[in-house]
Every structure is written in structure tokens, then in C-alpha cells.
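This report concerns only the one structure given below.
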Amino acid sequence: MRIRPATAGELPLLQDIERAAGAPFRDLGMAEIAEHEPPAPDVLERYRRTGRLWVAADDRDLPVAYLICEPVDGALHVEQVSVHPDAARRGVGRTLLAFAADRAREEGLAGLTLTTFTEVPWNAPYYTRLGFRVLDEAELTPGLRGIRAAEAEHGLDRWPRVCMRRDMLG
33 MRIRPATAGE
43 LPLLQDIERA
53 AGAPFRDLGM
63 AEIAEHEPPA
73 PDVLERYRRT
83 GRLWVAADDR
93 DLPVAYLICE
103 PVDGALHVEQ
113 VSVHPDAARR
123 GVGRTLLAFA
133 ADRAREEGLA
143 GLTLTTFTEV
153 PWNAPYYTRL
163 GFRVLDEAEL
173 TPGLRGIRAA
183 EAEHGLDRWP
193 RVCMRRDMLG
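Heads up: the sequence shown begins at 33 in our numbering, then just goes up one per residue.
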């Protein structure tokens, strides 16, 4: 598996990956999440143009997962990490997050942050296993508060959510 920048022609495929990755939420009673539309092509293109959209490509160089990150208040915020179910449970997400950590170090950022569902096995429990910790209210930066407010406006707070952080070591 190779991590590389996404190409413009791959954006529709990334939307398909997002839809497929969302489908398992239906089994948890979260049909609205499963049916949520992926980022629009213009949004993905903006991230791609700014060098903030990467894919994990298989041995045929086809994307099986993608990652969007951007700096937020001194950390690299994981906006989205999606793995196609056909590539799940193979360390693809872990590899993408390690790639993000390397980018954070290169940019002199202090850690990785993300927001996630607390009761979805492949969300907060997974990130905890990868060294992330839940931030309490007092630890939320202005940027993270803004992200959480936008998520609440989109109805994501219907299910318990948290902000998490993994500090960079060395």
C-alpha cells in the first residue's frame, strides 16, 4: 500500500469510498450517517489543491482509502479518514494516521486532533487504541469548538461525540 496525494480524476472514487465506509453505520441504528453525502467534488478539490488530501492506493495504484487533514490551532486536524470496507481491518486507517502524524511533525505541529463518535467501535475506541485521548471541555481550542459547533448544526450530536488528540512524541 502506498500513500500519495489524490489526483483530480480520483475525486468521484473517493466519494464512492466514503459512501461504502458509511454503510456499516446503518447496522448501529445510525442510518442518517450511512446516508450522509460525502464531501462535494469542489470541497475535495480544494483540499487536493492545498496538499491536504491523500489516498492509500492498492497494488494497482487505485485508492482504497483517503485522508483529509488541515492545521487547526497548532495541531493537524484529521477532518476525514475513510477506508473502503473491502480494505478494512488491514491497517490502512492506522497507516493513514501514521502518515498524518509524520506530516504534523514536518510542519512543526504539536499533535493530531479529530472529532468522532464515542460509541462506534471503529471510532473513539479505535482511536484510543492508537494513542488518542478524549479532550475535556477546558482543553478544546477555539478551532475545535468551531468544528464541534458546525457538527452540531449538521445534527451529528444526535449521537455522543468527542474531540480527541494524540500528542507528537519526539
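Glycine is no exception: its CB is placed at the ideal position from the N, C-alpha and C atoms.
Along the alpha helix (DSSP H) that carries residue i, what are the first and last residues, could you check?
i: Pro37; result: It is not in any alpha helix (DSSP H) - Pro37 instead sits in the beta strand (DSSP E) that spans 34-37.
i: Gly178; result: 174-185
i: Asp59; result: No alpha helix (DSSP H) holds Asp59; DSSP gives it neither H nor E.
i: Gly125; result: 124-138
i: Thr160; result: 156-161
i: Leu188; result: No alpha helix (DSSP H) contains Leu188, which DSSP labels as neither H nor E.
i: Gly41; result: Segment: none, Gly41 is in no alpha helix (DSSP H) and carries neither H nor E.
Residue i: which of the options sits nearest, CA to CA?
i: Leu278; options: Trp191, Val110, Asp74, Ala72; result: With the chain running from 33 to 202 in the structure shown, residue 278 is simply not present.
i: Thr39; options: Ala132, Val87, Arg135; result: Val87
i: Pro103; options: Leu141, Asp48, Arg51; result: Leu141
i: Trp154; options: Val166, Ala184, Arg121, Ile100; result: Arg121
i: Gly143; options: Ala107, Ala130, Gly175; result: Ala107
Buried or exposed for residue i, going by 16 or more other Cβ atoms inside 10 Å?
i: Arg197; result: buried
i: Gly202; result: Note that Gly202 has pLDDT 49, beneath the 50 cutoff, so the model's placement of it is unreliable and no number is given.
i: His186; result: exposed
i: Gly178; result: exposed
i: Leu94; result: exposed
What residue range does the beta strand (DSSP E) around residue i cover?
i: Glu111; result: 107-115
i: Arg193; result: 193-199
i: Ile85; result: It is worth fixing the name first, because residue 85 is Leu in this sequence and not Ile. Taken as a continuous stretch (DSSP letters only), the beta strand (DSSP E) holding Leu85 covers 85-89.
Where DSSP assigns a beta bridge to residue i, which residues make up the other side?
i: Glu102; result: His109
i: Phe149; result: Arg193
i: Gly143; result: Asp199
i: Val166; result: Met196
i: Ala97; result: Ala88, Val115
Compute the beta-carbon to beta-carbon distance between residue i and residue j, rounded to the nearest angstrom, for a pair I have assumed lies under 8 Å.
i: Asp105; j: Thr173; result: 4 Å
i: Pro117; j: Ala53; result: 7 Å
i: Val113; j: Ala156; result: That pair is no contact at about 13 Å.
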